[in-house]
Structure formats: structure tokens, C-alpha cells
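Notes for the one structure printed next.
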Amino acid sequence: MHIPTAQLLRVTASQPYPLLFASLSGAHLYGFPSPDSDFDLRGSHLLPLREIVGLYPLRETIEVSEVRDNTLELDLVTHDVKKLFEMLLKKNGYVLEQIFSPLVLHAAPEYEELKAIAKSCITRYHSYHYLGFARTQWRAFQQEDPPRLKPLLYVYRTLLTGIHLMQTGDVNANLIELNEEFKLSYISELVARKLQGQEQSTLASQDIEFHQREYEQLQARLQAAAEETFLPVVPSAKAALHDLLVRLRLS
Numbered sequence: 066m067h068i069p070t071a072q073l074l075r076v077t078a079s080q081p082y083p084l085l086f087a088s089l090s091g092a093h094l095y096g097f098p099s100p101d102s103d104f105d106l107r108g109s110h111l112l113p114l115r116e117i118v119g120l121y122p123l124r125e126t127i128e129v130s131e132v133r134d135n136t137l138e139l140d141l142v143t144h145d146v147k148k149l150f151e152m153l154l155k156k157n158g159y160v161l162e163q164i165f166s167p168l169v170l171h172a173a174p175e176y177e178e179l180k181a182i183a184k185s186c187i188t189r190y191h192s193y194h195y196l197g198f199a200r201t202q203w204r205a206f207q208q209e210d211p212p213r214l215k216p217l218l219y220v221y222r223t224l225l226t227g228i229h230l231m232q233t234g235d236v237n238a239n240l241i242e243l244n245e246e247f248k249l250s251y252i253s254e255l256v257a258r259k260l261q262g263q264e265q266s267t268l269a270s271q272d273i274e275f276h277q278r279e280y281e282q283l284q285a286r287l288q289a290a291a292e293e294t295f296l297p298v299v300p301s302a303k304a305a306l307h308d309l310l311v312r313l314r315l316s
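Under the numbering used here, read the sequence shown as residues 66 to 316, first letter to last.
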């Protein structure tokens, strides 16, 4: 998996506000980028106090979709730290995956503190995020003719991430690494096809019935894992996030 680090660092350096962190998400994080996959950058920026207390609308979210240097297809989304922290206190698996992504491109000194605090934001109700996202991707997979490989891989990645989270409290969004634990024989073949093919690779229609059974079985495993998990019902990190936010604003 080739990551054009120098180009991506130029992107992070060109952002209008200081970044708390920026990491890669999407297919590169999940372990199955196609040769033509774009690069999904996610992170958090810090609005200056002058803008926070002023009259103008806040740029709480910055979104950029473009092609840079005629080669780098980019999708960037960053949220102001307050908005990110508010999302973190909800059952938002996306934010957890962005914070705990091993593919970090930029990290302010407070990033490691944020990661430590974020562990106390993980609850059993994050299972709802993963069950819901898997259902959305399964519907997308069913509705296409011919069915595409990408939403099916997203289904499996999402369900395995959710089960692993409920059982261990650790965030891992990489399907290849997760399958070292789950040992589903068909995952390696699906990932290999995606890695060698194109973003719009399709699947033979006769395989749908098999994957329907697997989807339902893994969905049930995630629901059972959520019922049995040691994870708390509510996050316990609001005070720590509040303190970090105030220090970031005043620094």
C-alpha cells in the first residue's frame, strides 16, 4: 500500500487553522485500497478564540474534495475541537476510528492526551453505530446490479470492528488485521480482489445468498457481544475533555 506521505503532509500544512491531528481513514485505514482509491483525511482543527467570541459564523467543519498535483484524489474533513469532542461523547464510531487510526499524518502535542481520554468515551452503545452502518452498507450491496465488492467489504469490516470493540475495548478498523482473529476464510480472497482491481469491482450474483447468511450471523454476534460486554453504559470523560478544550482554546 503506497501512501504519498509528502503530498499529504503538504495538504495538512496548507489548512487554514492549526490541526490537533490528521489521520487517514477510508479504504487505506480498512486495509483494502484499490489502485484508484482516493485518500480520505480526517481530523480536528482549532478555531482561534477571536473567531469563537466574534459575530461571524464559525467554520466548525471544513470539507475539501479535489485532485491535487493532477494525481492525488483527496477527500478531507476536519471538525473544530469542540464539535469533535461533542461527537466523541456520543456513540460515534467514526470519530473513534479517526482518533485511533495508526495512519497519523499530523499530531499536535495534545494528541496523545486526547487518545488516552478517548478510551473513556467507549461504551456498549457504540454497537448501535456499527450495526446501523452495516445495515446501510448491506442495503447498498443488495440494491446494485451487479453487486459491488466495496460495500460488501465495508459490511464485514464494520461488523468485525464492532465485535472486536465490544469484546476488547480496542478500536481496530483494519479488516486484514481483524481477520487474523476471526479467521473467516473468504475475507482474504475478497480483499485480494479489491487490492488488485478497481474501486468499482463487482461480485458474482450467485454469491449473494452465501454472504446474506454470513452477514446475518455476524450481525447476531455483534448484538450478543454488546449484551455481554464489560464496557460501560455512559462515557466518563466529559470533565477531562472539557479541561483539554479550555487549555487548547487558551494556549
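The beta carbon of each residue, even a glycine, is placed where N, CA and C say it ideally should be.
Source: prediction; values computed, not measured.
Of V146, P81, R107, K156, the smallest CA-CA separation from P300 is found for K156.
Across the structure, L287 and S192 are spaced so that their CA atoms are roughly 7 angstroms apart. Within the DSSP secondary-structure output, H144 pairs in a beta bridge with S109, T126.
Contact annotation: L89 and D105 have beta-carbon atoms nearer than 8 angstroms. It is roughly 8 angstroms from the alpha-carbon of L170 to the alpha-carbon of L73. Counting only runs of 4+ residues, the alpha helix (DSSP H) found wholly inside the segment 170-215 occupies 176-183, 191-208, in chain order. With contacts defined as CB atoms closer than 8 angstroms, L225 and L268 fail to qualify as a contacting pair. Under the three-state reduction of DSSP output, A78 falls in the helix class.
Pairing V146 with L111 gives a Cβ-Cβ distance under 8 angstroms.
Only buried fits N244, as 16 or more other CB atoms lie within 10 angstroms of its CB. Taken atom to atom, the span from the alpha-carbon of R189 to that of Y95 is near 22 angstroms.
In the three-state reduction of the DSSP assignment, L249 falls in the coil class. Less than 8 angstroms divides the Cβ of L114 from the Cβ of R314. Comparing alpha-carbon positions, the option among R258, R222, Y176, F150 lying closest to F247 turns out to be R222. Between V220 and A238, the C-beta gap is not smaller than 8 angstroms, which leaves the two residues out of contact. The Cβ neighbour count for Q282, taken over all protein chains shown within 10 Å, is under 16; the residue is labelled exposed.
In the three-state DSSP reduction, A257 falls in the helix class (H, G or I). DSSP lists no bridge partner for R115. Sorting T233, T126, H307, Q207 by C-alpha distance to the C-alpha of F275 places Q207 at the top. If the five residues before and after A291 are omitted, its C-beta is found closer than 7 angstroms to the C-beta atoms of R189, S192, M231, all from its own chain and listed in chain order. In the three-state scheme derived from DSSP, where H, G and I count as helix and E and B as strand, F275 is classed as helix. Counting only residues of its own chain and dropping the five nearest sequence neighbours on each side, P83 has a CB closer than 8 angstroms to the CB of H110, L111, A173. Linking A289 to S253 through their CA atoms gives a straight-line distance of about 25 angstroms. A92: member of the alpha helix (DSSP H) spanning 91-95, first to last residue. Here the alpha carbon of Q277 sits roughly 48 angstroms from the alpha carbon of V311. Cβ contact annotation for S79 (same chain, cutoff 6 angstroms, sequence separation greater than five): none.
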